[in-house]
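Peer 1: The numbers in this note's numbering rise by one with no breaks, and the one at position 224 of the sequence shown is 214.
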Amino acid sequence: MKSLALLLLTALSLNSCDSTEKAETSNRVAVEEEAIVQAPEFNADSAYHFVERQVAFGPRVPNTAEHYKTGEWLIETLRSYGAEVQVQSFQARAFDGKMLNLRNIIATINPGAAKRVMLAAHWDTRPFADKDDENQNKPIDGANDGGSGVGVLLEIARTIQAAEHKPGIGVDIILFDGEDYGQPDESDFPFQDDTWCLGSQYWSKNKHVANYKPQYGILLDMVGAENAKFAREGTSMQYAKNIVDKVWRAGNRIGYSDYFVYTNAPGITDDHYYVNTVAGIRMIDIIEYNMANPDDYFGPYHHRHTDTMDIISKNTLKAVGQTVLHVLYNE
Ligand SMILES: [Zn+2]
């Protein structure tokens, strides 16, 4: 199929272009063809296991022992894969007045490379199940909402370290804390702005490296549910359309067109919003879009007690992890 397309384009250029344009067209096509680098295999069993490990700690709610222990395990795990790990500890006030002890965990792979790509996910989980009909005040497992993105990123770190052939760029994995402590729609407190994404808000104002300027960023959030669809989310399209195009093209090229769909979805506020608007770094969000119930945007498990390991699919983790690896290896 690939060579057919090349022949066809060359033939067209012979008929319709002058000789300079013809040469340019052929070169461009040739370069694009050669540029496809095979990324190492993303192991979905291992990614699944990383999600399971997080859930086994219990809900990762800030100011709890489960949250603290998970943070220690994440730091240790990323270090064990050869990354330089920095921990950004800070406090932030939640919408309910509580002072939260938070940590952004930042893993640097190939620190010497000037050209870098930033990958991120949030590692905390929501302290309530405010969309559930029952036990609304109890925290959720957050297998998908939190756990899945982190699981994929840990597996990417492990894969790169184990691979003989490394990507030509530096990769920074940033695990944001305090993403999911936002004010519920129905709340006794007066409405406040900017109560979500506390970790990315802090990091965007206090980057771990002065003048940190990656080429772009990719955020993963809710990337593990069975049959998930990832639509072209509005905030990503507004600030970084060409990165959406690049990632969707990669996903479709390597066989994941069922997941990376060309549907436009409304913009949402997730960690990438602050990275784009405050840090000034173009970042997209790969996040599940509920095509069956677009009014909600999110899946039926969202901020409910059904967000457990039962909804996690290895196929979805694979589609996302392999696509991101493909993008990194083709930079
Ligand atoms: Zn959430």
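We treat Cβ as the ideally placed atom computed from N, Cα and C, and that holds for glycine.
#1: Report yes if the C-beta of D175 is less than 6 Å from at least one heavy atom of ligand 3; otherwise report no.
#2: Is R106 near ligand 1, judged by its Cβ being under 6 Å from some heavy atom?
#3: Would Q151 and G72 qualify as a contact pair, given that the criterion is a beta-carbon distance under 7 Å?
#4: Kindly give me the distance between the Cβ atoms of P204 and I271, rounded to whole angstroms, as I take these residues to be in contact under 8 Å.
#5: Quick one: what's A326 bridged to in DSSP?
#6: Name the one or two DSSP bridge partners that V140 has.
#7: Once DSSP output is grouped into helix, strand and coil, what is the label at S190?
#8: Of all the options E169, T67, G189 and L315, which has the alpha carbon lying nearest to the alpha carbon of I244?
#9: Which residue marks the beginning of the alpha helix (DSSP H) containing M227, and which one marks its end?
#10: Grouping DSSP H, G and I as helix and E and B as strand, with all else coil, what is A73?
#11: Please name the residue, chosen from T298, V75, F85 and A29, that lies closest to D178 on a Cα-to-Cα basis.
#12: L210 and A133 - do their beta-carbons sit closer together than 7 Å?
#13: Can you tell me which residues form a DSSP beta bridge with D275?
#14: For D261, tell me which candidate among K121, E66, W186 and A104 has the shortest Cα-Cα distance.
#15: I'd like the list of long-range same chain contacts for Y319, defined as Cβ closer than 6 Å, with 5 residues on each side in sequence excluded.
#16: Which same chain residues end up closer than 8 Å to D286 when comparing Cβ atoms and leaving out the 5 residues on each side of it in sequence?
#17: Please report how far the alpha carbon of V310 lies from the alpha carbon of V213, in whole angstroms.
Peer 2: Checking against the coordinates, here is how it stands:
#1: Judged by which ligands are present, ligand 3 is missing from the structure shown, whose ligands are ligand 1.
#2: By 1-based counting over the sequence shown, the position of residue 106 is 116. Not so, every heavy atom of ligand 1 lies at least 6 Å from the Cβ.
#3: Looking up residue 151 in the sequence shown gives position 161. Looking up residue 72 in the sequence shown gives position 82. Closer than 7 Å, so yes.
#4: As a working note, residue 204 is residue 214 in the sequence shown. As a working note, residue 271 is residue 281 in the sequence shown. The pair is a contact, with the Cβ atoms about 6 Å apart (cut-off 8 Å).
#5: The displayed coordinates of the chain run from -9 to 321. Any statement about residue 326 would go beyond what the structure contains.
#6: As a first step, residue 140 must be located in the sequence shown, where it is residue number 150. DSSP, once it has assigned bridges, lists no residue as partnering V140.
#7: On the sequence shown, position 200 is the one that residue 190 refers to. In this structure, S190 counts as helix in the three-state DSSP scheme.
#8: One-based indexing of the sequence shown puts residue 244 at position 254. Of the candidates E169, T67, G189 and L315, the one whose C-alpha sits nearest the C-alpha of I244 is L315.
#9: For the purposes of this step, residue 227 is taken as residue 237 along the sequence shown, with counting starting at 1. M227 -> alpha helix (DSSP H) spans G224 to R243.
#10: Numbered from 1 along the sequence shown, position 83 holds the residue referred to as residue 73. Correct three-state label for A73: coil.
#11: The residue given as residue 178 occupies position 188 in the sequence shown. Nearest of T298, V75, F85 and A29 to D178, Cα basis: F85.
#12: Walking along the sequence shown from the start, residue 133 turns up at place 143. Walking along the sequence shown from the start, residue 210 turns up at place 220. Cβ distance not < 7 Å, so A133 and L210 don't count as in contact.
#13: If you number the sequence shown from 1, residue 275 lands on position 285. D275 pairs with L209.
#14: Along the sequence shown, read from residue 1 onward, the residue named residue 261 stands at position 271. Of the candidates K121, E66, W186 and A104, the one whose C-alpha sits nearest the C-alpha of D261 is W186.
#15: Start at 1 with the first residue of the sequence shown, and residue 319 comes out as number 329. Here the set comprises V27, A29 and P157.
#16: Taking the first residue of the sequence shown as position 1, residue 286 is located at position 296. Contacts found: N280 and H292.
#17: In the sequence shown, counting from the first residue as 1, residue 310 sits at position 320. In the sequence shown, counting from the first residue as 1, residue 213 sits at position 223. When rounded, the distance between both Cα atoms is 7 Å.
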